[in-house]
Amino acid sequence: MTKITKICCIGAGYVGGPTMTVIAKKCPHIKVTVVDLNEERIAAWNDPDTNNIPVFEPGLSEVVAEARGRNLFFSTAVDEAIDEADMVFISVNTPTKTYGAGIGQAADLKWIELCARQIARVSKTDKIVVEKSTLPVRTASAIKDILTHTGSGCKFQILSNPEFLAEGTAIEDLNAPDRVLIGGDSTEEGKEAMQALVDIYANWVPRERILTTNIWSSELSKLTANAFLAQRVSSINSLSELCEKTEADISEVSRAIGTDSRIGPKFLKASVGFGGSCFQKDILNLVYIARSYGLQEVADYWEQVIIINDHQKKRFANEIIRTSYNTVNGKKIAFLGWAFKKDTNDTRESAAIYVADHLLFEQAKITVYDPKVQESQVYGDLDYLRSRDPQENRFGVKVTSDPYEACKDAHAIAILTEWDEFKTYDWQRIYDNMLKPANVFDGRNLLDVEKLKAIGFQVKSIGTA
Ligand code: UDX
Ligand code: ADP
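FYI, the numbering for the sequence shown is 76 to 540, going by the numbering used here.
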């Protein structure tokens, strides 16, 4: 029986950081070391004030404070941590390729391969290697190939253990997951490795919620879960446009269909479009894989989820332009929210980035307020698109830490993230300081429309006429 006493996790990001923190909390007998090449990131994880850790997640800083220094460590000494561990998790980023074959669709596995080679190079003892990052199906075989051809004499078992946590609720999701999925080989060694990981989760997860499958099923299930969730959002968003043309109200439609127990109420909230590091990337992966096997219809089917999402973001920006007498040139537009959802400082693929980009092409002047996102992140996100010179992004976009300042003298306000605090603002004060007509575009159907209209605002929500 393999008993795990030391874990190393490569990658101290949104997945590795919170996941390992919870494993360390729940398994005080296991030493957990999270390593990353990024020195600044590791320094932030080690900041004496746990409010300064690099990932904002409700409840995370408290758990870090409890476990850090006891059995949870953050370090840049990657080789040492790999070498001493019995189990190595790979939690590095796997962005969509920005070059070469599969550009814009396939996952860039450069970092995964580097990790596998590093594990192969430094290991002096047998190890279980766990894929935590979302990966295209059959990545495990590439990792295995690299590890088994090292000639070091060490034996490696590869497991797939996809993460299903959602940002903003990561700690809750990790504490009480709907299920934990572990994929591995059906050989004796494979089964033993799976059992070692099952034993770790069994410290707090009921055994019946820990599912074991073959490795490919596990890899594909992660892509499929995200594709299904994103598909629900695109389905409801596509109908939001129809609601806007008719007398139907998308919130009422969502409620009506969500009460059917076969459909269920979750992930039916119309919005300016889904974002986050997973949905788009995973669907693009699915599409790419399907195409690479010649499954054109399957690929086209899933691609449509992305097409609707892009359409929704563009539609939202166009509505702002249309309502602004078809020009936003030189007009101040206030953005409330930049993160891809509330309760996170993550902005990857956030709808806000694409709406801003579209409005900047029309020469709008945007002022952004987000309670958790830094100015440098906003500029970084826009620069990454390479739509224009970095200086032009800084000329067109200002970032402020005061929401009232953001809205002062604005022609329009756009709600891009559903932060709770937006509901509690002094909307009369905001109205008094805006240009008239004062327009609010609520991309999250968050605000009390009747109250805003009574103040004098013109309000445009998603999915209502
Ligand atoms: C997702 C999956 O939920 C999670 O299981 C997986 O591990 C990673 O990807 P995450 O991206 O963190 O998690 O957030 P999620 O809550 O799924 O939201 C994704 C996007 O969809 C957000 O932009 C959110 O605002 C949007 N969304 C979600 C909607 O627009 N409407 C909804 O009803 C639900
Ligand atoms: P995720 O949301 O998947 O956690 P992040 O980008 O937040 O993605 O985190 C991934 C982390 O992995 C980054 O901090 C990056 O520096 C780190 N990383 C990537 N490659 C390596 C590597 N070979 N060794 C150590 N850390 C790595």
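For glycine and all other residues, C-beta sits at the position ideal for the given N, C-alpha and C.
Close to the ligand UDX, as judged by a C-beta nearer than 6 Å to any of its heavy atoms, are the residues E238, F239, L240, A241, E242, N301, L304, V308, F342, L343, K344, S346, F349, G350, G351, C353, F354, F415 and K416, in chain order.
The beta carbons of K185 and I178 sit no closer together than 7 Å. A straight line joining the alpha-carbon of I396 with that of A439 spans about 9 Å.
Within the chosen limit of 6 Å, the ligand ADP does not reach the beta carbon of L522 with any heavy atom. Rounded to the nearest angstrom, the Cβ distance from G243 to K417 is 6 Å, consistent with a contact under 8 Å. Here L234 carries a strand assignment [DSSP, helix/strand/coil]. Within the DSSP bridge table, the entry for L314 names no partner. When the five nearest sequence neighbours on each side are left out, the beta carbons in the same chain lying within less than 8 Å of the beta carbon of T80 are those of H104, I105, K106 and D161, in order along the chain. Rounded to the nearest angstrom, the gap between the Cα atoms of K535 and S425 is 20 Å. Inter-residue distance for K101 and S367 is about 41 Å (C-alpha atoms, whole angstroms). Counting other Cβ atoms within 10 Å of its Cβ, Q371 stays below 16 and is therefore classed as exposed. When DSSP assignments are scanned along the region 143-224, the uninterrupted stretches of beta strand (DSSP E) that are 3 or more residues long and fall wholly within it turn out to be 147-150, 162-165 and 202-206. The shortest CA-to-CA distance from C482 to any of P465, A513, D458 and K341 is the one to A513. Sequence-distant partners of R284 (beyond 5 residues in either direction) whose C-beta falls short of 8 Å from its own C-beta, in its chain, are P252, D253, R254 and V255. The C-alpha of S261 lies about 26 Å from the C-alpha of Q193.
For G92, the three-state secondary structure derived from DSSP is helix.
Residue pairing of Y454 in beta bridges, as defined by DSSP: absent, with no partner found.
If one requires a minimum length of 3 residues, the beta strand (DSSP E) runs lying completely within the region 256-308 are 285-289, in chain order.
Exclusion of the five residues before and after S315 leaves I325, A345, I537 and G538 as the residues of its chain whose Cβ lies within less than 6 Å of its Cβ. Inside the region 315-378, DSSP marks whole alpha helix (DSSP H) runs of 4 or more residues at positions 325-333 and 354-367, from first to last along the chain.
Here I203 is buried, its C-beta having at least 16 other C-beta atoms within 10 Å. Judged by DSSP secondary structure, L411 falls within the beta strand (DSSP E) whose first and last residues are K407 to L411. The beta carbon of V130 lies closer than 6 Å to those of Y89 and G92 in the same chain, with the five residues before and after it left out. Rounded to the nearest angstrom, the Cβ distance from F415 to A431 is 13 Å, too far for a contact under 8 Å. For V524, the enclosing alpha helix (DSSP H) begins and ends at V524 to I530. Three or more beta-carbon pairs separated by less than 8 Å are not found between the region 270-285 and the region 306-313, which leaves the two stretches without contact. The beta carbon of D248 sits closer than 8 Å to the beta carbons of F239, L240 and A241 from its chain, once the five residues preceding and following it are set aside; these are given in chain order.
Judged by DSSP in its simplified three-state form, Y500 adopts coil rather than helix or strand.
When T96, P446, G348 and E188 are compared, the shortest CA-CA separation from S476 is found for P446. Among the bridge pairs identified by DSSP, F516 is matched with A489 and K535. DSSP, reduced to helix, strand and coil, places V430 within a helical segment of the structure shown.
Around the C-beta of E206, 16 or more other C-beta atoms lie within 10 Å, and the residue is accordingly described as buried. Excluding residues up to 5 positions away in sequence, V430, H433 and L434 lie with their Cβ nearer than 7 Å to the Cβ of A392 in the same chain.
In terms of Cβ geometry, T77 and A271 form a close pair [threshold 7 Å]. The Cβ-Cβ distance between T108 and A140 does not fall below 7 Å.
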